[in-house]
Each structure stands twice: as C-alpha cells, then as structure tokens.
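As structure tokens, the structure follows; a few thoughts come after it.
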Amino acid sequence: MNKIKRAMGIVWILAGIAAGYYLLVSQAIPQFASGKPEDTVPAIIYTFILTPIISGGLLVFGIYALQGEYDEN
Amino acid sequence: MQHDPASTPVVDKKTLWKVIGASSLGTLIEWYDFYIFGSLAIIISTKFFPADNPTAAFLSTLATFAAGFVVRPFGALFFGRLGDMIGRKYTFMVTLLIMGLSTFAIGLIPGYQTIGFFAPLLVLILRLLQGLALGGEYGGAATYVAEYSEPNKRGLRTSWIQTTATFGLFISLIVIMVTKKSMSPEAFGEWGWRVPFLLSSIMVIVSYFIRRNMDESPLFKKAKAAGTTSSNPLKESFGKKYNFKFVLLALFGAAMGQGVVWYTGQFYALSYLQSVCKVDFDQTNYIIGAALLAGTGFFVVFGWLSDKIGRKPVMLAGMLLAIVFYRPIFDQIFQICQQSRAQQALALTDTVQLALPDIGKIIVLAFLLVLFVTMVYGPIAAFLVEMFPVKIRYTSMSLPYHIGNGIFGGLLPAIATYLVTKAQTANQVAVIAGQSISFDKPHLQGLWYPIILASVSFIIGLLYIKNKDLQFQE
Numbered sequence: 345m346n347k348i349k350r351a352m353g354i355v356w357i358l359a360g361i362a363a364g365y366y367l368l369v370s371q372a373i374p375q376f377a378s379g380k381p382e383d384t385v386p387a388i389i390y391t392f393i394l395t396p397i398i399s400g401g402l403l404v405f406g407i408y409a410l411q412g413e414y415d416e417n
Numbered sequence: 009m010q011h012d013p014a015s016t017p018v019v020d021k022k023t024l025w026k027v028i029g030a031s032s033l034g035t036l037i038e039w040y041d042f043y044i045f046g047s048l049a050i051i052i053s054t055k056f057f058p059a060d061n062p063t064a065a066f067l068s069t070l071a072t073f074a075a076g077f078v079v080r081p082f083g084a085l086f087f088g089r090l091g092d093m094i095g096r097k098y099t100f101m102v103t104l105l106i107m108g109l110s111t112f113a114i115g116l117i118p119g120y121q122t123i124g125f126f127a128p129l130l131v132l133i134l135r136l137l138q139g140l141a142l143g144g145e146y147g148g149a150a151t152y153v154a155e156y157s158e159p160n161k162r163g164l165r166t167s168w169i170q171t172t173a174t175f176g177l178f179i180s181l182i183v184i185m186v187t188k189k190s191m192s193p194e195a196f197g198e199w200g201w202r203v204p205f206l207l208s209s210i211m212v213i214v215s216y217f218i219r220r221n222m223d224e225s226p227l228f229k230k231a232k233a234a235g236t237t238s239s240n241p242l243k244e245s246f247g248k249k250y251n252f253k254f255v256l257l258a259l260f261g262a263a264m265g266q267g268v269v270w271y272t273g274q275f276y277a278l279s280y281l282q283s284v285c286k287v288d289f290d291q292t293n294y295i296i297g298a299a300l301l302a303g304t305g306f307f308v309v310f311g312w313l314s315d316k317i318g319r320k321p322v323m324l325a326g327m328l329l330a331i332v333f334y335r336p337i338f339d340q341i342f343q344i345c346q347q348s349r350a351q352q353a354l355a356l357t358d359t360v361q362l363a364l365p366d367i368g369k370i371i372v373l374a375f376l377l378v379l380f381v382t383m384v385y386g387p388i389a390a391f392l393v394e395m396f397p398v399k400i401r402y403t404s405m406s407l408p409y410h411i412g413n414g415i416f417g418g419l420l421p422a423i424a425t426y427l428v429t430k431a432q433t434a435n436q437v438a439v440i441a442g443q444s445i446s447f448d449k450p451h452l453q454g455l456w457y458p459i460i461l462a463s464v465s466f467i468i469g470l471l472y473i474k475n476k477d478l479q480f481q482e
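Line by line, the protein sequences give chains D and Z. Residues in the first sequence are numbered from 345 upward in steps of one, following the working numbering. Residues in the second sequence are numbered from 9 upward in steps of one, following the working numbering.
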C-alpha cells in the first residue's frame, strides 16, 4: 500500500503541473490578452487564487506522498 | 497527544443542547445572510450591474458571488488565528456581527441608476466582508460544539452545525418567496428584494444575545489555563510539515470533493433549473426548497452513522454516488423540462411553467442530489476537528474547509454555467456552418467540473486517509 501511495505521488505532481499549465496558459493568459473587462476578473482568479492552491497544493501534496509522509508507519 | 476520554470535560445534556442550539442558530443566520445574495442574484444583477446582455449581468453577479467565496479562506486564516489565540466564543461573536451588519447594509444601498459606479463597488465591498465573516464563523462553531461533545458522539453533535447551511438556504428561499407573494412583482423588483436583507438584522440581534451568555469551550479554557495554546497558530498550522501535510490531506482528500458535491446538489441544481432548463423562477425555488426540506434530516443521520462506521466510508460513498449519478440525474431533469416545453409549444429560450407531476419528479431527483450532499457534508465537521490538536484546531480546520467549499465549491455555478454556455455556442456555430455538432448533450457539460474534482478527492481520500489520523487530539 505504501508503494502505491508513493507512486501516486508522481501522479499528483503531474496533475499539479497540468493544472498550472491549463489555468495559466490556456485560461489566464488569453483572458488577460483579450483586454475585455469581463475577462479580467476570471483571469485574476485563475492566476492568483486557483493556480497557487490547485497547482501548488497538488505539487506539494505529491512531493509529500512521494517522500512517504503519508505512509502507514 | 492522543485522545484521553477521561480528560474530556463532561457537561450535562442541557448545557450541551444549549451549546449546539446557540452555535447552530448563529451559523444558520450567517448562511441565510450569505445565501440571500445568491438566491437574488438575477434581480441584483439588474440593480447593480448594468448590462445589455442578461447572461453577462448574471455572470457578473456570480463573479461577485465568487468574490464572496474566494475571500472566505482569508477569513478562515484571520479569525482562525484569533480563535486559537483568544478563544472560540469571542471570535464567532465578532463574525456574527460583521455578517449581520454587512447584510443589513446591502439592503440599504441605492441602485446603479441612483449612485452610479458606487453601487456595485459598495456591494462588492460588503460581499467581501460577508465572505470574511463566514470564513471565521463555521470553524468556530464546529470546533466549539466538538470540544463540548462526548467522544463517541462527535459526528452526531456536530452534524447539527452541518444542517444550518441547508436550513439557511431553505429559509432564505422561504423569506424571498413570502416577500414576493406579499407584494406586486413591480414592488418586489423596485424595493421588495431589499426586505430579506433588512430582516437579517433582527435575527442577528437575537443570536448575539443568545451567544453572549455562553461559556468558552472547556478544552480551550483548559489549554489556556495550562499555557499550551499557540502564540502563532498560522506558523504552527502551515509552517510545520507535520501539520501542513494534514491540511493538504484534509483539503484534497475530503473538503474539495465535499465542496463540489455540496454546491452541485444545492446551488448548481438551482442555477441549472433557472439558467439551463429555464424553469419559472418561483417554481425552481419551490423545487429546491422541497428537496432541501426532505433531505436536511439526513445530515444528522449520516453524522450519527459516521460515529458508528467511521467518517471516511460515509463521505467517500457520497462522493462516489455523486460521480456516478450526476449526469443521469441532471439529464433526466433536463428531459422533463424539455418534454414540458414541447407540450406547451414553447421555444428553447422561453421560460417554462411545469405541471405538478413534473415538479414532483424533479423534486425527487433534486432530493437525491441533496442526499449525496448530506453524506459528504454531515460528517465533515467531526472529520476536520479530529485531524488537528486543540491549539491550532480553529485555524487548521477552517482553511481546508473554506478552500474546499469557498473556492472549489463556490466557483462551481460560474464555471459550470460557463462550460454549458460554451458548449451551446459551439453547437450553434456548428449548425450555422452546416457541420455536425460538437456536444451531444451541451446541458451536461458543466458537470465535468464537479465530477473530475470529486473523483480526484475520492481517490486521494481512499488511498491516504487513515482512521488513526482521525483521533481527537488535545
């Protein structure tokens, strides 16, 4: 079980990177670039709220899992 | 330190119910205050956010709604720190007053036509204050009740706090409906919508006086007397790896999935009926109100069950059911509305009035959504308080809860509505261009957001949460 938990750590790290890419590159940057006022609020939320929490959180969680912080013993 | 039953302060049943009652009442009022804004989102958008396009106006309001939610984690940090340093009781007294005053003030703001740009700006500021207050309230109430509870009934006792969010929404819908029925539609649109906001002040005053006479949590008093409270709860909660890893686990393994299941079942269901299915506004409130009323008791049932079989199986079962059944349930709701629309020869953009049997069918489906909510949400307070020791409990449990619910859950209606609109637009473009449509069921596209997040949370919870993490620590 501990091996699975650690191996899944890699999945969470990759998920964090993918989430960061999606939120910043696919969503925030085009919305900032559009210059429309209605796009600015979501772009700010993507960049400063969602990216640190989702991407950063999953990355750290994945690293902890990989290091065995959540192992049974 | 592991839980020692002998050291748990024993209080009599009367005191315990007083604690539960006073905590729940205040929390219920805060939820009521918070929800009337969301429930009146469409009307508020026309008053404070001028726009030619009603969808854009609606999204603007949802964005403001989200601003209220996004700020909640900051309230959790600010008031959580205070609660761990000076006490639970005084902290959630302050949050109650901030919430009450902000709500009352929203009811007094002149519209955009009267004071221009200041109108939406003031609404936004007060909405942010509401979010801050809510961020501090819930963790305090849950911690306070848990620290009074018997060790083997913590799920049951704290589940009463869990009912308040749904009751708050239910009461907000009832107050809005009664206010609407008591006056002409013109009067409601003109000034009547302010009444639910102004009424809040009476409830807050009552709750304030009830809470004022309550005693501080016995475990906090004990820690304070022993000098074991934290001088820097933020640093201890998030600066120490040992605690921070549990904060992350609580967030990704429980609160995230719980948040999206909760907001899908209660808020997106309402938004979906109004914006996607285009059901009559009053009928949507009746439908969701009835489903909430039928389902609310199950918070206590699943809180009690979590004392018997564990928090984890109950919560994960709720997430799994939601993942599997969301698309069939929402599709069925849509089909019922479409059939009714076809029978009345209405266009897709027309508002539909449903017949009674159809209302009954949708209430049953909405009840199932609420049932999933009760499974994930009923035990979550006990789950979170058991993860962290008394000296950093308020801070540590509040943050994952409010990120899970405020951010992952709170943004759900806006994101889901956006996904549906995007899919519908793509289909329209394809039809005009003579191509085959991209989305077979565009009305269900919004559900991918909660389904994916709940799935991630389910896997993390299943793999990483251990029952020994959930032993009450003093």
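Don't be surprised by glycine CBs; every beta carbon is placed ideally from N, CA and C. It should be emphasised that the depicted structure is a prediction, and the values quoted were computed from it without experimental measurement.
Any idea what DSSP makes of Z:V79, helix, strand or coil? Z:V79: coil per DSSP, three-state reduction.
Please name the residues in the region 257-272 of chain Z whose beta-carbon is closer than 8 Å to at least one beta-carbon of chain D, in chain order. The region 257-272 of chain Z vs chain D, Cβ under 8 Å: L257, L259, F260.
Under the rule that 16 or more other beta-carbon atoms within 10 Å means buried, what is Z:K188, buried or exposed? Result: buried.
Per DSSP, what kind of secondary structure is Z:V19 in: helix, strand or coil? Note: Z:V19 maps to coil in three-state DSSP.
Would the beta-carbon of D:I393 fall within 8 Å of that of Z:V78? Result yes, Cβ atoms of D:I393 and Z:V78 sit closer than 8 Å.
Answer with yes or no whether the minimum CB distance from D:L358 to chain Z is below 8 Å. Taking Cβ atoms only, chain Z never reaches closer than 8 Å to D:L358, which makes this a no.
Need the endpoints of the alpha helix (DSSP H) that Z:T292 sits in, please. Counting along the chain, the alpha helix (DSSP H) containing Z:T292 begins and ends at 289-303.
State buried or exposed for Z:K320, treating a residue as buried only when at least 16 other CB atoms are found within 10 Å of its CB. Counting Cβ neighbours within 10 Å, Z:K320 comes out buried, since at least 16 surround it.
In terms of alpha-carbon separation, which member of Z:E394, Z:Q340, Z:V269 lies closest to Z:S314? Of the candidates Z:E394, Z:Q340, Z:V269, the one whose C-alpha sits nearest the C-alpha of Z:S314 is Z:E394.
Taking 8 Å as the threshold (beta carbon to beta carbon), is D:V369 in contact with chain Z? Cβ-Cβ to chain Z under 8 Å: no for D:V369.
Could you say if the region 109-126 of chain Z and the region 155-167 of chain Z meet the contact criterion of at least three C-beta pairs nearer than 8 Å? They do not touch, by the three-pair rule.
Note down the Cα distance separating Z:K229 from Z:L242, rounded to an integer number of angstroms. C-alpha of Z:K229 to C-alpha of Z:L242: approximately 20 Å in a straight line.
Can you give the Cα-Cα distance for Z:I341 and Z:F416, rounded to whole angstroms? One C-alpha to the other measures close to 24 Å.
Residues near Z:L379 in its chain [Cβ-Cβ closer than 7 Å; skip 5 each side]: Contacts found: G303, F306.
State buried or exposed for Z:S27, treating a residue as buried only when at least 16 other CB atoms are found within 10 Å of its CB. The sequence as given places Val at residue 27 of chain Z; Ser does not occur at that position. That one is buried.
Local Cβ density within 10 Å of Z:I331, reported as buried at 16 or more and exposed below that: By the C-beta density criterion, Z:I331 is buried, having at least 16 other C-beta atoms within 10 angstroms.
Nearest candidate by alpha-carbon position, reference Z:A422, set Z:I295, Z:I468, Z:V268: In terms of CA proximity to Z:A422, Z:V268 leads the group Z:I295, Z:I468, Z:V268.
Any beta carbon of chain D sitting closer than 8 Å to that of Z:I179? It does not: the Cβ of Z:I179 has no partner Cβ on chain D nearer than 8 Å.
Measure from the C-beta of Z:L471 to each C-beta in chain D and report whether the shortest distance is under 8 Å. With 8 Å as the cut-off, Z:L471 counts as an interface residue toward chain D.
Cβ of D:G379 less than 8 Å from any chain Z Cβ? It does not; no Cβ of chain Z falls within 8 Å.
With distance defined between alpha-carbon atoms, name the residue in Z:S463, Z:P365, Z:M211 nearest to Z:T111. The shortest Cα separation from Z:T111 among Z:S463, Z:P365, Z:M211 belongs to Z:M211.
Chain-ordered neighbours of D:F405 on chain Z, where CB pairs are closer than 7 Å: Within chain Z, L256, F260 have C-beta atoms less than 7 Å from the C-beta of D:F405, given in sequence order.
Does the beta carbon of Z:V131 come closer than 8 Å to any beta carbon on chain D? At a cut-off of 8 Å between beta carbons, Z:V131 makes no contact with chain D.
Nearest to Z:I371 by CA position, among Z:G273, Z:V153, Z:A141, Z:L356, is which residue? Among Z:G273, Z:V153, Z:A141, Z:L356, the Cα nearest to that of Z:I371 belongs to Z:G273.
Excluding sequence positions up to five away, which residues of its chain have a Cβ less than 8 Å from the Cβ of D:Q371? Here the set comprises P386, A387, Y390.
Distance, Cα to Cα, Z:G34 vs Z:Q443? Cα-Cα distance, rounded: 56 Å.
Return the residues of the region 399-420 of chain Z that lie within a Cβ-Cβ distance of less than 7 Å from chain D, sorted by chain order. Cβ contacts with chain D come from I411, I415.
For Z:M327 versus Z:A173, is the C-beta spacing smaller than 8 Å? It is not a contact, given that the beta carbons lie outside the stated cut-off.
Which runs of the beta strand (DSSP E) at least 3 residues long sit entirely within the region 367-397 of chain D? Give them in chain order. Within the region 367-397 of chain D, no complete beta strand (DSSP E) run reaches 3 residues.
For D:W356, is the classification buried or exposed, using 16 other Cβ atoms within 10 angstroms of its Cβ as the cut-off for buried? Classification for D:W356: buried.
Measure the alpha-carbon distance for Z:P408 versus Z:G418 and round it to whole angstroms. Their Cα atoms are separated by approximately 13 Å.
When burial is assigned at 16 or more other CB atoms within 10 Å of the CB, is Z:A14 buried or exposed? Caution is warranted here: a pLDDT of 40 is assigned to Z:A14, below 50, making its placement in the model unreliable, and no coordinate value can be reported.
Taking D:L402 as the query, report the chain Z residues whose CB atoms sit under 8 Å from its CB, ordered along the chain. Within chain Z, F260 have C-beta atoms less than 8 Å from the C-beta of D:L402, given in sequence order.
With three or more beta-carbon pairs closer than 8 Å as the criterion, would you say the region 353-367 of chain D touches the region 399-408 of chain D? These segments touch.
D:K349 at chain Z interface by Cβ criterion, 8 Å: Look at D:K349: its C-beta is under 8 Å from a C-beta on chain Z.
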